[in-house]
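All residue numbers in the sequence shown are consecutive under UniProt numbering, ending with 287.
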Amino acid sequence: MIHSMTAFARAEQAGAHGTLSWEIRSVNHRYLEPHLRLPEAFRDLEGAVREALRKGLSRGKVECTLRFAEDSSGRSMQIDSQRASQLIAAAESVASLIKQPAPINPLEVLAWPGVLVGDASDPQALNSAALALFHETLGELKKGRQREGEELARLIEERLDAITQETATLREQVPQMLALQRQKLLDRCAEMQVELDPQRLEQEMVLLAQKSDVAEELDRLATHVVEVRRILKSGGAAGRRLDFLMQELNREANTLGSKAFDPRSTQAAVNLKVLIEQMREQVQNIE
């Protein structure tokens, strides 16, 4: 199964001490590049989160954000006397350096982080709940990447069908185009009232056929198309392999364009390059 690198997932869980919520978003990137935003109280989770990402994903720039809204309703509030004393001592030390300092406001002391605390939450239980919720969110992200990957594979298959049709049409038209070139040469000689040596004519046509022989390029295009289909079917981390094949397909289309000697073959080369470029843009998002 093919997976995209672009997806978003969010999960939320309310508990006795507050509400945990995870947001994970990923975009295409050459390698796996995680970026974590965790509250200070949950820093111990960083190693486990990175390991889960490493096992679950192979490529993509992944941003993981954890939020915790603490619920203090129904919980007794207490003053951390030691922290409050330290804060007051620091404020008095600064006040001694100021002429006519304003008195210390008790409410401002209470508003300082860590001075007014509720019943202590169990940090281990919160970490366990946050990690379990992360695994759930990561699972949703992977499902989203899979759904988008299926759509990308469908779009690529459509372009492969068009390439197959384009090359088959060109293969059928090559003899007609050579015959047309032969007739044009004969018509030009007739207009100029020049008698053309039949042997020389055949030599010129042989040279033209050799220069315009695109059978090898068409065969290689067909081979690459088969390989792209095989990779799409086998799934896994296929983005880099598909990107390489896009380069090879584009190389063959360029060679076709350089050998074009008829408007139809020129147009076919242009059509192929457009289809390949459309596939290449989609492949950039595949894991």
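No residue lacks a Cβ here, since even glycine has one placed at the ideal position from N, Cα and C. Fair warning: this is a prediction, and the values are worked out from it, not measured in the lab.
Leu134 - DSSP class collapsed to helix/strand/coil: Before going on, a small fix: residue 134 reads as Phe here, not Leu. Correct three-state label for Phe134: helix.
Same chain only: Cβ atoms within 6 Å of Val270, ignoring 5 sequence neighbours per side: No residues qualify anywhere along the chain.
Proximity below 9 Å, CB of Arg57 to CB of Lys143: The sequence given here has Leu at residue 57, not Arg. No, they are not a contact pair.
Three-state secondary structure (DSSP) of Gly60: In the three-state reduction of the DSSP assignment, Gly60 falls in the strand class, which pools E and B.
Inter-residue CB distance, Ile156 and Leu232 (contact presumed, cutoff 8 Å): Separation of the CB atoms of Ile156 and Leu232 is rounded to 6 Å, and the pair is thereby assigned contact status at 8 Å.
Local conformation of Ile104 per DSSP, three classes: Reduced to three states, the DSSP call for Ile104 is coil.
Own chain partners of Leu32 with C-beta closer than 8 Å, once the 5 adjacent residues on each side are dropped: Closer than 8 Å at Cβ, skipping near neighbours: Leu53, Arg54, Leu57, Ser58, Arg59, Gly60 and Val62.
Separation of Ser258 from Glu252, as counted between CA atoms: Whole-angstrom Cα-Cα distance: 10 Å.
Three-state class that DSSP yields for Leu242 in the structure shown: Helix, per DSSP.
Distance between Thr6 and Glu40 (C-alpha atoms, nearest Å): Going by the C-alpha atoms only, they are around 28 Å apart.
Among Val27, Gln100, Leu36 and Trp22, nearest to Phe68 - alpha-carbon criterion: Nearest of Val27, Gln100, Leu36 and Trp22 to Phe68, Cα basis: Trp22.
Inter-residue spacing [alpha-carbon to alpha-carbon] between Arg240 and Gly15: Rounded to whole angstroms, Arg240 to Gly15 spans 43 Å at the Cα level.
Stretch-stretch touch, CB-based, cutoff 8 Å, three pairs: the segment 79-99 with the segment 166-176: No: fewer than three Cβ pairs fall under 8 Å.
Euclidean distance between Cα positions of Glu136 and Met246: For Glu136 and Met246, the distance between alpha carbons rounds to 35 Å.
Proximity to Glu287 [Cα-Cα], best of Glu92, Arg30, Ala9 and Ile163: Ranking the options by Cα distance to Glu287, first place goes to Arg30.
Buried or exposed by the 16-neighbour rule on C-beta atoms within 10 Å, applied to Ile276: Only buried fits Ile276, as 16 or more other CB atoms lie within 10 angstroms of its CB.
Cβ pair Glu217, Thr255 closer than 9 Å: A contact, by the Cβ cut-off of 9 Å.
Check whether Gln284 and Asn28 have beta carbons under 9 Å apart: Going by beta carbons, Gln284 and Asn28 fall inside the 9 Å limit.
Whole-angstrom C-beta distance between Arg159 and Gln278, which should lie under 8 Å: In this structure, Gln278 and Arg159 form a Cβ contact; the two beta carbons are roughly 6 Å apart against a cut-off of 8 Å.
Between the CA atoms of Gly149 and Ala237 - distance to the nearest angstrom: Whole-angstrom Cα-Cα distance: 11 Å.
Contact under 9 Å by Cβ, Leu249 with Val225: Cβ atoms of Leu249 and Val225: closer than 9 Å.
Span separating the alpha-carbon of Val109 from that of Gln124: Rounded to the nearest angstrom, the two C-alpha atoms are 29 Å apart.
Contacting residues, own chain, Cβ-Cβ under 7 Å from Leu126 (five flanking each side not counted): Beyond the five residues adjoining it in sequence on each side, Leu126 comes within less than 7 Å, by CB distance, of His17 in the same chain, given in chain order.
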